[in-house]
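Undergrad: In our numbering, the protein residues as written are 17 to 252.
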Ligand SMILES: [Zn+2]
Ligand SMILES: [Zn+2]
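#1: Below 8 Å, how does it come out for the segment 105-121 and the segment 55-69: are there three or more Cβ pairs, yes or no?
#2: Do residue 223 and residue 28 count as a contact pair if the criterion is CB distance below 8 Å?
#3: Checking 8 Å against the spacing of the C-beta atoms, do residue 203 and residue 194 come in under that value?
#4: Pairing CB atoms from the segment 119-138 with CB atoms from the segment 168-187, are three or more of them under 8 Å?
#5: So which residues touch the region around ligand 1, with touch meaning a C-beta under 6 Å from any heavy atom?
#6: Considering only C-alpha positions, which residue in the set 248, 132, 20 is nearest to residue 75?
#7: Relative to ligand 2, is the shortest distance from any of its heavy atoms to the C-beta of residue 187 smaller than 7 Å?
#8: Ligand 2 heavy atoms versus the CB of residue 80: any closer than 7 Å?
#9: Give me the residue from 69, 239, 40 with the minimum Cα distance to residue 210.
#10: Is residue 35 near residue 199, with beta carbons less than 8 Å apart?
#11: Whose C-beta lies closer than 8 Å to the C-beta of residue 248 among residues of the same chain, with five residues either side of it excluded?
#12: Does the distance from the C-beta atom of residue 80 to that of residue 120 stay below 8 Å?
#13: Is the closest heavy atom of ligand 2 to the C-beta of residue 221 under 7 Å?
#14: Would the beta-carbon of residue 26 be found less than 7 Å away from any heavy atom of ligand 2?
#15: Are the CB atoms of residue 150 and residue 165 nearer to each other than 8 Å?
#16: If you compare alpha carbons, which of 197, 48, 241, 232 is closest to residue 212?
#17: Leaving out the 5 sequence neighbours to the left and right, which residues in its chain are closer than 8 Å to residue 175 when beta-carbon positions are compared?
Structure follows, in structure tokens:
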């Protein structure tokens, strides 16, 4: 399995795409976790076509995680894709998505998709074994473990998340210490060092004020690596 960081930015990034991680096993098929603004451009840069994305796992509805969802669905429509895009998402997503369509009535009858709202459950999609985990953010949110790789989405750290079965974690690291209780900061993360020190940890979704002092932040945390758009790794 190849895992590619398509978007590692945040809502105020100008040089990175917003949240998106791609998982692929076969030649062209892939699934993605989140579909933030800039994701379509990055998919093109790794030679993917709208048809190649078989499923989207949405962590939550904030715009830096969903901004390219309607554009992806529209690109599939314009490309003549008949297959429905499978969208896994937290409870309440169907209503949110309906409100997006009400703002864009010309898309209503055109887009092909299936929305599956998930709590804490295990399922398979496109040959990947996935576990959804309820996370702790300012809106209903999920993390997803895809074949042993946990993508946290936006969340404050908590013990039960790290007790799940995974070897690699793609973890948000939004803000410096003291700035937030619904995101990850160095202070709230280091409390769980014992549970994470034997894992492979990649940090993403880093706000500019954290990036400014990233060396100091990583030193304080004591583990993990910061990643940028289009970096990738192979697993299994
Ligand atoms: Zn968020
Ligand atoms: Zn975010």
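Heads up, the beta-carbon is just placed ideally off N, CA and C, and yes, glycines get one too. These figures come from a predicted structure and were not determined experimentally.
TA: On the basis of the data shown:
#1: no
#2: yes
#3: yes
#4: no
#5: 76, 78, 153, 170
#6: 132
#7: no
#8: yes
#9: 239
#10: no
#11: 18, 19, 20, 21
#12: no
#13: yes
#14: yes
#15: no
#16: 241
#17: 208, 211
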